[in-house]
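Reading through the structure tokens given below for one structure.
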Amino acid sequence: MKLFVSDGNPHCVKVLAVLEFTGVKCDVKHVNHEERVVPYLSRPALPALLLPSGTYLFSPNSICQYLIEVNGQESSDIVNQWLEWEATELQPAVMQALHMVVLQGKGAQTTRVLQGPLSYLDQSLSKRTTLFLTAEMVSVADVVLWAALYPILSDSSLVSGNQTELQHWFERVGMLAACGSAAQTALHGKGLKAESLKTYLQRQPSTHHGQGQVQGRGSQPCNSPEGDDDGDCVLSEEEIQSFAVTWGKGLADLPMVPERQHPILPVEGKRNVLVTSALPYVNNVPHLGNIIGCVLSADVFARYGRLRGWNVLYVCGTDEYGTATENKAREEGLTAQQICDKYHAVHASIYQWFQVDFDFFGRTTTKKQTEIAQNIFWRLHERGFLLEDIVEQLRCEACQRFLADRFVEGTCPYCSYPEARGDQCDKCGKLINAVELREPTCKVCSQTPVVQSSKHLFLDLPKLEAELEQWLEKSTGSGDWTANAKQITRSWVRDGLKPRCITRDLKWGTPVPHPDFSDKVFYVWFDAPIGYLSITANYTDQWEMWWKNPQQVELYNFMAKDNVPFHSVVFPCSLLGAQDNYTLVNHLVATEYLNYEDTKFSKSRGVGVFGDMAKDTGIPSDVWRFYLLYLRPEGQDSAFSWVDMATKNNSELLNNLGNFINRAGMFVSKFFESYVPAMDLQQEDKRLLAQVGWELKQYMNLMDRVKIRDALKCILNISRHGNQYIQVNEPWKKIKGDETDRQRSGTVTGVSVNVACLLSVMLQPYMPTVSQTICQQLNAPPTVTGTMLQGTGNFVCSLPAGHHIGTVSPLFQKLEAEQIESLKKRFGGQQPEEEEEEAKPKKPKTAAQTDVNAQPAPSPASHPAAQTAVNGADAERARELTLAVAEQGEKVLVGNDVSLTCCLLSTRERRS
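For the sequence shown, this note's numbering gives the first residue as 9, with consecutive numbering after it.
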């Protein structure tokens with residue numbers, strides 16, 4: 009192994025300290041800050057660890073975690089928790105404080121930045137009875153946090169006198185030889201006074217308040233109002249001049265972003281990116297948390313990739329098999345196939361309204377799903393990766409059926425959480441078998457189920473564990489896996505893998521082809537992820553070019569955190585065991601949960617906004633997209649709030665972003681007859697160009713790493729800079745002055761409208777309609793996107809002097825308090841009389857109504873099996889589809905494709 013570090017880099021203190029603390033043998037090489045050690049990154053990333061396998065780790069905490077594991081130590085949950093807190097809470101605050109102290113001389117102002125995390129740490133230490141964070145002995149958590157704080161706490165003037173526990177702990181840990189040696193090596197033992205630290209910071213972008221920071225304990229909630237931004241980037245005169253030179257190059261002679269030609273296939277020499285989002289379960293209408301957790305986040309990244317010129321394919325679809333579908337069919341008196349057809353169209357309509365731009369949105373009830381799932385099954389069987397065993401299952405005598413895991417609830421055997429599901433506990437994250445639950449109940453009828461035995465097939469995960477770990481080391485080390493995805497996966501593997509049942513005693517599902525198990529179907533967790541493959545196969549018969557091409561294809565999976573184990577452990581094991589050169593996930597992007605106000609979404613209680621309700625609020629879909637992405641739960645759970653949504657709309661969209669773009673365009677229209685005026689740049693203008701250019705590079709850096717929420721803040725920072733620039737220069741006054749003033753007014757107006765043009769490009773992944781409107785108002789050249797988003801970002805003059813713009817009009821409307829209060833009440837839950845009505849006993853269905861395996865009544869209209877593109881689907885189709893499936897059967901068999909394939913989406917969003 010070889011560790012690359014740079015002089016003056018504070019991040020190197022922690023890895024050097026942990027290296028000595030663990031005693032791992034490793035070569036250490038000192039390089040300069042600008043050296044690109046990791047060959048496949050477009051930016052320098054230090055420290056970096058070259059592994060024996062040839063892959064790189066370049067996240068400081070990932071390097072520390074790896075060194076711990078190599079040393080044979082096992083990280084406890086509390087150690088992992090502290091490491092996560094350090095990376096997401098402490099480190100961003102420390103870096104912002106370092107910029108303020110070392111480069112700006114604002115030492116007195118660092119209290120506001122550091123107070124939250126330092127107070128949290130001090131209080132945590134004061135509550136412990138041990139000398140160190142996790143025990144009486146020093147742990148790696150102590151070493152990492154000490155190293156992060158070393159540059160700050162080594163200067164007594166920055167430490168609050170009230171934080172005595174923190175100071176004592178810092179002194180105790182600092183006595184370790186590993187800590188002293190690391191501080192001496194990286195910062196020459198001088199802390200803030202190290203000249204090398206200043207040199208390093210001058211070459212780094214500053215951390216804005218609230219930007220690049222995953223919110224949580226000890227810091228501001230991610231959807232709380234932001235404070236004043238004192239963390240402006242510090243740019244040298246050389247850097248400012250460099251940005252001005254780039255600006256002067258104008259639009260490159262590049263082709264436009266090409267129109268998509270279907271089918272999209274991998275292209276030799278291009279970056280081929282396959283994007284999937286967790287397949288939503290068909291029996292539910294998705295709520296806002298489901299939408300931001302997978303399909304919307306994936307849509308933003310796919311749109312961005314297309315703008316970058318990557319060869320992107322984005323597929324999704326509805327997950328349609330399983331007991332939940334059977335139950336919904338019983339409730340509505342329809343067959344399971346009819347339920348799937350109905351709600352598939354409902355999903356398609358919702359995603360279309362939210363402008364989710366799938367290349368293909370399919371479903372799992374197809375012939376291709378059966379073919380591919382059964383092929384993978386036989387390959388696993390032939391290679392000895394399947395086991396037979398007797399399974400004890402829960403059966404509800406009242407419902408007369410075996411209960412699927414999601415329809416059993418009870419007390420978790422591990423953490424005693426009272427609402428654990430039959431397959432997984434949402435609190436501790438452990439996978440469980442339904443029969444392990446204490447005090448289980450049937451979620452359909454609330455009766456206590458009984459245990460019965462049945463023979464089933466299992467995937468032999470322990471037999472695949474070594475191969476899985478080897479693959480995980482490479483994928484997590486080189487890919488952009490979110491911290492929660494890594495942590496959940498590590499805990500699974502660390503606890504040891506166990507065989508996992510892949511069959512179920514159900515009727516509605518992909519049939520198991522083995523003659524001894526012909527009365528069973530595949531368990532949904534085994535079957536549903538295969539939906540990604542079958543949906544692609546329904547899109548193009550050359551699907552294997554995407555899914556059996558790991559050398560040319562990068563795979564991004566988007567999901568909520570509860571889906572992580574199935575995508576990081578179970579599904580990869582299925583594909584690894586099949587030994588058919590399958591493309592495995594390179595980048596696993598998982599969100600935390602989005603709650604509603606101070607509670608959970610609940611369709612039955614009328615709490616929260618569901619996808620089919622959003623368009624009835626009168627709020628444009630772009631505004632919904634903006635707010636959901638603004639509070640995207642990247643580091644911890646966040647909560648939708650009507651009041652906060654109105655605040656963000658009125659402050660960020662209306663008063664900040666919309667105000668700047670509208671003023672810039674109106675000045676051109678009003679003062680210069682809609683022609684962009686000549687621009688004579690002064691130093692102040694060049695400084696703005698540099699600030700905007702720097703934010704563009706930050707935006708692209710963050711988007712490349714799927715930091716979607718943080719990248720959005722870069723857009724808002726640019727419009728803030730623009731508004732301030734206009735206010736200071738007052739072009740509306742200078743246009744009335746002498747020739748010099750009028751020329752100055754023209755320069756400010758011309759620069760501002762060019763900034764607005766850049767914002768139209770950056771907004772496209774987030775707010776496509778608003779982006780298109782700005783482009784139309786400014787009559788933006790078609791090549792603007794290809795130029796601005798080349799390489800690491802180029803802010804150029806795209807609207808030169810003499811460019812004629814279109815008609816300018818406001819982009820956003822104010823959300824009034826009365827409107828918000830009405831919406832809050834409307835979606836806040838049922839009225840008592842409504843709840844009372846719902847609580848009344850319901851008339852049971854007739855036998856014909858409840859038999860989901862019965863053929864539907866003949867329909868007067870025959871229906872040929874057809875496919876409907878996602879962009880053409882709408883809610884009205886749901887009613888048509890319900891009436892049009894009269895001749896369809898229940899199971900999808902090879903050679904008898906009886907599913908109605910409206911080409912839309914697949915793999916389930918488990919959280920309802």
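Even glycine gets a Cβ: it sits at the ideal position worked out from N, Cα and C.
In whole angstroms, what is the alpha-carbon distance linking residue i and residue j?
i    : j    : result
W533 : R508 : 10 Å
A894 : G277 : Its pLDDT being 32, under 50, A894 is placed unreliably by the model, and the measurement read from it follows with that caveat. Cα to Cα, the separation comes out at about 49 Å.
K678 : V816 : 10 Å
E481 : Y74  : 9 Å
G392 : S61  : 28 Å
T331 : G619 : 23 Å
V501 : E473 : 8 Å
E400 : C436 : 24 Å
P426 : L583 : 35 Å
Y733 : Q784 : 24 Å
F429 : G799 : Checking the sequence, you will find Arg at residue 429 rather than Phe. R429 and G799: Cα-Cα distance of roughly 47 Å.
D1   : N589 : One cannot answer for residue 1 here, as it falls past the ends of the chain, which runs 9 to 920.
V959 : G418 : Since the first residue shown for the chain is 9 and the last is 920, residue 959 is missing from the structure and cannot be characterised.
P470 : V458 : 30 Å
P739 : L819 : 22 Å
Y755 : A194 : Before going further, note that residue 755 is Thr rather than Tyr in the sequence given. If I take the Cα positions, the gap works out to 46 Å.
S682 : I743 : 15 Å
T118 : V631 : 34 Å
T449 : S629 : 40 Å
G16  : Q210 : 11 Å
T625 : V651 : 15 Å
K608 : L602 : 8 Å
L411 : T511 : 13 Å
G226 : Y128 : Summary for G226: the model assigns pLDDT 35, below 50, so the residue's position carries little reliability; its value from the coordinates is reported in the next sentence. When rounded, the distance between both Cα atoms is 5 Å.
W318 : L766 : 20 Å
By the three-class DSSP mapping on this structure, what secondary structure does residue i have?
i    : result
G62  : coil
Y683 : strand
N17  : coil
V181 : helix
C302 : helix
H595 : strand
T343 : coil
Y925 : Residue 925 lies beyond the range of the chain shown here (9 to 920); nothing can be said about it.
L774 : According to the sequence shown, residue 774 is Tyr rather than Leu. The answer is coil: DSSP assigns Y774 none of H, G, I, E or B.
S134 : helix
L602 : strand
E447 : strand
G585 : helix
D327 : strand
G370 : strand
H295 : strand
L807 : coil
V893 : Only weak support is given to the placement of V893: the predicted model assigns it a pLDDT of 35, under 50, and the value that follows is read from those uncertain coordinates. It is coil, neither helix nor strand.
If residue i and residue j are in contact, beta carbons under 8 Å, what's the gap, nearest whole angstrom?
i    : j    : result
V936 : V148 : The requested residue 936 does not occur in the structure, where the chain is confined to residues 9 to 920.
P159 : L106 : 6 Å
A719 : L710 : 4 Å
Q597 : T490 : Per the sequence presented here, residue 597 reads as Val, with Gln not at that position. At roughly 6 Å, the Cβ-Cβ gap stays under 8 Å, so V597 and T490 are in contact.
V792 : S779 : That pair is no contact at about 11 Å.
V109 : G115 : 5 Å
T30  : I86  : The Cβ separation is near 18 Å, so there is no contact.
Within the 8 Å Cβ cut-off, does residue i reach chain B?
i    : result
L472 : Looking for chain B here will not work: only one protein chain is present.
Practice task
Mind the definition here: the region 692 to 708 touches the region 608 to 617 only if three or more C-beta pairs lie below 8 Å; say whether that holds.
Solution key: no
Practice task
Enumerate, from N- to C-terminal direction, the unbroken alpha helix (DSSP H) stretches of 4 or more residues contained entirely within the region 673 to 757.
Solution key: 691 to 712, 716 to 737, 739 to 742
Practice task
Would you check if the region 475 to 492 and the region 376 to 384 touch, i.e. whether three or more CB-CB distances between them fall below 8 Å?
Solution key: no
Handout entry: Length at least 4, wholly inside the region 462 to 537: the alpha helix (DSSP H) runs in chain order
Key = 469 to 486, 491 to 502, 532 to 535
Exercise for the section: Kindly provide the ranges of any alpha helix (DSSP H) runs that are 4 or more residues long and lie completely inside the region 237 to 292, ordered along the chain. Expected result: 245 to 256
Practice task
Check whether the region 171 to 180 touches the region 194 to 214, counting contact only when three or more Cβ pairs, one atom from each stretch, lie closer than 8 Å.
Solution key: no
Handout entry: contact_flag[the region 296 to 309, the region 336 to 345] where n(CB pairs < 8 Å) is 3 or more
Key = no
Practice task
Report yes or no: do three or more beta-carbon pairs, one from the region 514 to 521 and one from the region 591 to 602, lie closer than 8 Å?
Solution key: no
Problem - Segments assigned beta strand (DSSP E), at least 3 residues, entirely inside the region 399 to 437 - result: 416 to 419
Handout entry: At least three beta-carbon pairs within less than 8 Å, the region 570 to 587 to the region 307 to 323
Key = no
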